[in-house]
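Here the structure comes first, spelled out in structure tokens, and everything after it is commentary.
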Amino acid sequence: MKGFKLKKALLYGLFLVVLFILGLAAYVYQSASNPLRAEEESALERALAETPLVKAEKVDWFHYLDQYVVIKGKNRDGENIIVWVPKAKDKDITVKKESEGLTEREVLAMVREGLALKDDQRPKEIVRVKLGMIENTPVYEISYIDQKGRYSFLYIDFYEGNWYRVYNL
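Per this note's numbering, the sequence shown starts with residue 0, numbered consecutively.
Structure, rendered in structure tokens:
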């Protein structure tokens, strides 16, 4: 009987420790992500005030030499637009109609079949495709695992699909 009570107490104690660790992890995650959410909200407010954006549908971050919040949404006419909001307040916001550039599907087709990449730099597995900005030019950033198993980044021009560079980690 005593052994059963001891096991029950140990299990209860273990449950409380696990619950405490989960609560602590949630608190740390929340604390770490709050500044990013605040930056996103600030960028969204700036975009709504300074551009034709009236409805945001997707918000994402892009980090290269400069940081941007990239917002996909709709303008007053219901057209799909993309807004690149720089973190630096002294830089201008860039707004483009989605139809001005390549689609994500077109970019993926180019990466898989059309670009003149070395064989070992070709994607084995695409991880993510997102929009960004390099040297005041809208780009797609493609994150992927290459043929050698390296995590890689490829930057492709938003308009015509010319590729800028490949980084392998």
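Note that CB positions come from ideal geometry on N, CA and C, so glycine has one too.
Give the straight-line distance between the Cα atoms of residue i and residue j, rounded to the nearest whole angstrom.
i	j	result
F14	V82	47 angstroms
V126	L153	11 angstroms
Y139	V110	11 angstroms
G77	K54	9 angstroms
D156	L9	59 angstroms
Tell me whether residue i sits in a helix, a strand or coil according to DSSP, three-state version.
i	result
A24	helix
F157	coil
E56	strand
R149	coil
R45	helix
E97	helix
Below 6 angstroms CB to CB, which residues in the same chain sit around residue i once its five sequence neighbours on both sides are set aside?
i	result
L52	A46, G72 and V82
V69	D59, F61, W83 and L130
Y11	none
Let me know if residue i comes out buried or exposed under the rule of 16 or more other beta-carbons within 10 Å of its beta-carbon.
i	result
F3	exposed
Please say whether residue j and residue i have beta carbons closer to each other than 7 angstroms?
i	j	result
R149	N167	yes
Q146	K123	yes
T50	V94	yes
Y163	S151	no
K57	I80	no
V128	E99	no
Please go through the same chain and pick out, in chain order, the residues whose beta-carbon is closer than 8 angstroms to the beta-carbon of residue i, but skip the five residues on each side of it.
i	result
D65	P85, K86, A87, K90 and M132
E159	L101
I92	R45, A46, E49, T50, V82, W83, V84 and P85
Once the 5 residues before and after residue i are set aside, which same chain residues still bring their CB inside 7 angstroms of it?
i	result
R75	P51 and V53
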